[in-house]
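Trainee:
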Amino acid sequence: MAQSIPMPARTRRRRGVLAPVAGLVVLGICGLAVVGIVGSQVGPGAVIAGALCALLPVGPVVATFLWIDRWEPEPPRLLLVAFLWGAGFAALSALLINSSAMYAADQLLGRGRADVVGGAIIAPFVEEGLKGLFLVGLLVFRRREFDGIVDGVVYAGLVATGFAFTENILYIGRAFAEDGVIGQSGGVLAVLLLRGVFSPFAHPLFTAMTGIGAGIAATSRSAVVRVLAVVAGYLVAVVLHGLWNGAAILGDGAAFVGVYGFVMVPLFLAVITLVLWQRRHEQRVVAQQLPGFVQSGWIAPSEMPLLASLAGRRGWRAAVRQRSGRAAAAAVADYQAAVTELAFLRRRISRGTVRGDARRRHDEMLAELFRARARAIGMPDALAAAWRRQQPPPGWAPPSQAGYRAGYGPPPGYRPPGGGGGRPTAG
42 MAQSIPMPAR TRRRRGVLAP VAGLVVLGIC GLAVVGIVGS QVGPGAVIAG
92 ALCALLPVGP VVATFLWIDR WEPEPPRLLL VAFLWGAGFA ALSALLINSS
142 AMYAADQLLG RGRADVVGGA IIAPFVEEGL KGLFLVGLLV FRRREFDGIV
192 DGVVYAGLVA TGFAFTENIL YIGRAFAEDG VIGQSGGVLA VLLLRGVFSP
242 FAHPLFTAMT GIGAGIAATS RSAVVRVLAV VAGYLVAVVL HGLWNGAAIL
292 GDGAAFVGVY GFVMVPLFLA VITLVLWQRR HEQRVVAQQL PGFVQSGWIA
342 PSEMPLLASL AGRRGWRAAV RQRSGRAAAA AVADYQAAVT ELAFLRRRIS
392 RGTVRGDARR RHDEMLAELF RARARAIGMP DALAAAWRRQ QPPPGWAPPS
442 QAGYRAGYGP PPGYRPPGGG GGRPTAG
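The C-terminal position of the sequence shown is numbered 468 in my numbering, with every residue numbered one higher than the one before it.
1. As an exercise, report each continuous alpha helix (DSSP H) stretch of at least 4 residues that is fully enclosed by the stretch 170-209, in chain order.
2. ALA384 and VAL326: beta carbons closer than 7 angstroms?
3. In whole angstroms, what separates the C-alpha of ALA145 from that of LEU211?
4. What would DSSP say about ILE477, mapped onto helix, strand or coil?
5. Leaving out five residues before and five after ALA374 in sequence, what residues of the same chain have Cβ atoms less than 7 angstroms from its Cβ?
6. Use the C-beta contact count for TRP285: other C-beta atoms within 10 angstroms, 16 or more gives buried, fewer gives exposed.
7. Could you tell me the alpha carbon to alpha carbon distance between GLY419 and SER350, rounded to whole angstroms?
8. Can you give me the C-alpha to C-alpha distance between ALA399 and LEU410, rounded to a whole angstrom?
9. Whole angstroms are fine: how far does the CA of ALA231 sit from the CA of GLY283?
10. Rounded to whole angstroms, how far is the Cβ of PHE106 from the Cβ of GLY173, which I believe are closer than 8 angstroms?
11. With a threshold of 7 angstroms on Cβ separation, who are the neighbours of GLY228 within its own chain once the five nearest residues in sequence on each side are excluded?
12. Please name the residue in PHE175, ALA142, SER140 and TRP108 whose C-alpha comes closest to that of GLY127.
13. Check ARG215 in the structure and name its three-state DSSP category.
14. Taking 7 angstroms as the limit between beta carbons, can you name the residues of its chain near CYS71, skipping five residues before and five after?
15. State the DSSP-derived secondary structure class of MET406, mapped to helix, strand or coil.
16. How would you label SER337, buried or exposed, when you count the other beta carbons within 10 angstroms and need 16 or more for buried?
17. Straight-line CA distance for SER81 to VAL88?
18. Would you mind stating whether PHE247 and ALA288 have Cβ atoms separated by less than 7 angstroms?
19. Assign PRO117 to one of three DSSP states: helix, strand, or coil.
20. Hey, quick one: how far does the alpha helix (DSSP H) through TRP108 stretch, first residue to last?
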């Protein structure tokens, strides 16, 4: 039997750096191609004005999704890729596919009907499919970054925000080209108000349906449920997108206001409620795992209340930042993230939803927790600063023994690694 030769570590590191950079470059080129196409239609001045105006809603929308993602922050590089996927690849592909489909519809149906079919049917299927493709890619290739519905909504939201940014450049740029910078007819102001003020979350709301489906798929043990959840989420996104576009194309102002007020706003509030409920669930998962972490000696007992809530974590980082500086606070933040990652993984292992080598992944995350804690300990007072103004919990006694403590083992179905391994000491 032929033996596989392991890839040298240096080669793995090189690929680990070059692949994301190459992906970012490709997505950036796609975005520039879209800007070039739009510029050829409306002129460079209108594109610049459209881009500047399109940036205005991006900050608040992105900040909202980052706020949602506070319990288990996703890798910043992957979040950037999500945004660029929407702004670059998805936007360029949608522009090309929609244009080709509209040309075919013009030939078959005539201009009037083609506009309706293109806006209410073709565009929703194409655009939601291209945006959702990123989520499917995460489920297939980066499954370990997907922990549930909150992650699905966050990634979907950033992809859709990027897509909406590029689309807004097109629409606002056209308005500038037709109405001028002063905008005597009010066309520019109308587009700005509609897309930047009243509906900046429209695309994120549509694609969030696919994200919710992907989140359900990530936590399901059934292959059938995983497929159906993603497909159902995508179809709901298409229906919502088509309803939104159709109301704008077919109806008068009253129809659009009706869809906005009686469909989109209630659905937006429902998604917010779902996300907040899921965040509360994530907090419970972490809080339930922490006592076992203490018993195994992976964290110190004094750290439990600081890790069990967002307020505790935020206060810990603030105390460390005030006393020891930003670098120490960043080290504590990395440690907090490592604790959360391991807690979520152990939860998935206990539910049987981890595919692949669960033992290896558990060992990797546990090792990362130890490394993150060691970095935090290396910072001046990083693990002690939070307790300067309060008494430590009763019975505070940092663990110092090596190996796993028998009182708290890994989840059912998981065999702990042999060889012990160092147990962290308290800072």
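For glycine and all other residues, C-beta sits at the position ideal for the given N, C-alpha and C.
Mentor: So, to answer that:
1. List check, alpha helix (DSSP H) in window: nothing returned.
2. Translated into the one-based positions of the sequence shown, residue 384 becomes position 343. Translated into the one-based positions of the sequence shown, residue 326 becomes position 285. Here ALA384 is near VAL326, since their CB atoms are less than 7 angstroms apart.
3. On the sequence shown, position 104 is the one that residue 145 refers to. On the sequence shown, position 170 is the one that residue 211 refers to. Taking the straight line from one Cα to the other gives about 22 angstroms.
4. Residue 477 lies beyond the range of the chain shown here (42 to 468); nothing can be said about it.
5. Translated into positions along the sequence shown, residue 374 becomes position 333. So the qualifying residues of the chain are ARG358.
6. Taking the first residue of the sequence shown as 1, we reach residue 285 at position 244. So TRP285 counts as buried.
7. Counted from its first residue, the sequence shown places residue 419 at position 378. Counted from its first residue, the sequence shown places residue 350 at position 309. When rounded, the distance between both Cα atoms is 24 angstroms.
8. Position 358 of the sequence shown, counting from 1, holds the residue named residue 399. Position 369 of the sequence shown, counting from 1, holds the residue named residue 410. If I take the Cα positions, the gap works out to 16 angstroms.
9. In the sequence shown, residue 283 corresponds to position 242, counting from 1. In the sequence shown, residue 231 corresponds to position 190, counting from 1. Distance between the alpha carbons of GLY283 and ALA231 is about 21 angstroms.
10. Translated into positions along the sequence shown, residue 106 becomes position 65. Translated into positions along the sequence shown, residue 173 becomes position 132. That pair is no contact at about 16 angstroms.
11. Looking up residue 228 in the sequence shown gives position 187. Correct list, in chain order: ALA216, GLU219 and ASP220.
12. Indexing the sequence shown from 1 puts residue 127 at position 86. Out of PHE175, ALA142, SER140 and TRP108, PHE175 has the C-alpha closest to the C-alpha of GLY127.
13. The sequence position of residue 215 within the sequence shown is 174, counting from 1. ARG215 falls in the helix class under three-state DSSP.
14. Taking the sequence shown and counting its residues from 1, the one referred to as residue 71 is at position 30. Closer than 7 angstroms at Cβ, skipping near neighbours: GLY129, PHE130 and LEU133.
15. Your numbering for residue 406 matches position 365 in the sequence shown. MET406 falls in the helix class under three-state DSSP.
16. Along the sequence shown, one-based indexing puts residue 337 at 296. Around the beta carbon of SER337, 16 or more other beta carbons sit within 10 angstroms, so the residue counts as buried.
17. For the purposes of this step, residue 81 is identified with residue 40 of the sequence shown, where counting begins at 1. For the purposes of this step, residue 88 is identified with residue 47 of the sequence shown, where counting begins at 1. Those two C-alpha atoms are separated by around 9 angstroms.
18. Start at 1 with the first residue of the sequence shown, and residue 247 comes out as number 206. Start at 1 with the first residue of the sequence shown, and residue 288 comes out as number 247. Annotated as distal: PHE247 and ALA288, with beta-carbon spacing of 7 angstroms or more.
19. For the purposes of this step, residue 117 is taken as the residue at position 76 of the sequence shown. Three-state DSSP puts PRO117 in a helix.
20. The residue you call residue 108 lines up with position 67 of the sequence shown. Element bounds for TRP108: 99-109.
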